[in-house]
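In full-length UniProt numbering, the protein residues as written are 1 to 343.
1. How many Å lie between residue 130 and residue 76 at the Cα?
2. DSSP on residue 7, reduced to helix/strand/coil?
3. Can you list, in chain order, the residues of its chain whose CB lies under 8 Å from that of residue 73, leaving out five sequence neighbours each side?
4. If I follow the unbroken alpha helix (DSSP H) through residue 166, where does it start and stop?
5. Suppose you measure from the CA of residue 54 to the CA of residue 92; what does that come to, to the nearest Å?
6. Just reading off the alpha helix (DSSP H) that residue 310 is part of, what are its end residues?
7. Would the beta-carbon of residue 115 fall within 9 Å of that of residue 322?
8. Nearest-angstrom Cα distance between residue 300 and residue 216?
9. Would you tell me roughly how many angstroms separate the C-alpha atoms of residue 343 and residue 198, rounded to the nearest one?
10. In its own chain, which residues sit with a C-beta less than 7 Å from the C-beta of residue 9, not counting the 5 before and 5 after it?
11. Would you kindly work out how many angstroms separate the C-alpha atoms of residue 312 and residue 259, rounded to a whole number?
12. What are the partner residues of residue 209, as DSSP defines its beta bridges?
13. How about residue 228 and residue 210: are their beta carbons less than 9 Å apart?
14. Could you check if residue 290 is buried or exposed, using at least 16 other CB atoms within 10 Å of its CB as the buried criterion?
15. To the nearest angstrom, how far is it from the Cα of residue 240 to the Cα of residue 139?
16. For the stretch 62-99, which segments carrying the alpha helix (DSSP H) assignment without a break, of at least 4 residues, lie completely within its bounds, in sequence order?
17. Shortest alpha-carbon distance to residue 143 belongs to which of 179, 188, 88, 187?
18. Whole-angstrom Cβ separation of residue 153 and residue 309, contact assumed at under 8 Å?
19. Under 9 Å, do residue 96 and residue 147 count as touching if we go by C-beta distance?
20. Less than 9 Å between the beta carbons of residue 150 and residue 202, yes or no?
21. Which of helix, strand or coil does DSSP assign to residue 339?
22. Please list, in chain order, all residues of the same chain as residue 98 whose beta carbon is under 8 Å from its beta carbon, the five residues on each side excluded.
23. Going by other Cβ atoms of all chains shown within 10 Å of its Cβ, with 16 needed for buried, is residue 222 buried or exposed?
24. Assuming residue 158 and residue 181 form a contact by the criterion Cβ under 8 Å, report the distance between their Cβ atoms to the nearest whole angstrom.
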């Protein structure tokens, strides 16, 4: 079958038009091309297809989750519906978020929590909540800024008259640590940065990261979070900065447990070096649980108590999957996770 374009070009009417142009116009070639482009049939264009065609909106999905089974909300947003509503009210009352014409404050918070809880990309959030990528990004960052503003209301240092924790008070093995109020350690959060900035952020394990130091209570809550440090920074350097500049204060007569990577001081109690320390080395199923000397016994009790900070980091990373994925977010992103964890 002959091409319809050929029939149109070689028709007598079309040739007559071309001849007229050649006679009267100096820029004949450009005119012929424009004439052909204008006559291009619309049918040759690829039709646009709507992307978000789901029968229910993101807000309707959110309402269904919040009013459904109590585990459903936790699975989606990593917190119960009661805590979700309380957090939303706190953000709204402070004027940190507000409903817009196309999105409620509930949905804005839901987008953020779903994103950090499951570590999904912007496109997945756009598909899940039926909004454009630009809208998702704008509200995600707005909620992030609001939650960081609430950090001081949820992460607080203990006072000097803090009572002895029941775990220590009720266990004679731990009572010698009666003035201990928690444990300190650091963890590395993977990040994405420009190649020219990677050197100071590369940690000893070989990937680019942020060094996050935290003080944790025996209730598995964050008492202090220090971010903004490169992955190559030593833990003692971060702790020293936190005490001198970062606002980290240890109450008089109290102390935290730290590992052997920190200096042993009046306020930071480290284990003995050269002795067993890790809990796995004190296997109760074998004779390894028999303590060799007083230092060995001290290290065992020290490790049992300090393990609380490692457990807290483990729960934090399982609860918010985005911490296991390298992202280009700023240091302030880490500040919000401790706050969300404590809610």
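For each residue, glycine too, the CB sits at the ideal point set by N, CA and C.
According to the structure shown:
1. 16 Å
2. Annotation note: pLDDT 49 at residue 7 (below 50); position unreliable, coordinate value reported separately. In this structure, residue 7 counts as helix in the three-state DSSP scheme.
3. 65, 66, 79, 80, 81, 84
4. 166-169
5. 29 Å
6. 294-319
7. yes
8. 19 Å
9. 34 Å
10. Any answer about residue 9 is weak, because its pLDDT of 48 lies below 50 and its placement is not dependable; what the coordinates show is given next. Taken in chain order, the list of residues that qualify is empty.
11. 16 Å
12. 190
13. yes
14. exposed
15. 36 Å
16. 70-77, 81-93
17. 88
18. So it is not a contact: roughly 22 Å between Cβ atoms.
19. yes
20. no
21. helix
22. 92, 105
23. buried
24. 5 Å
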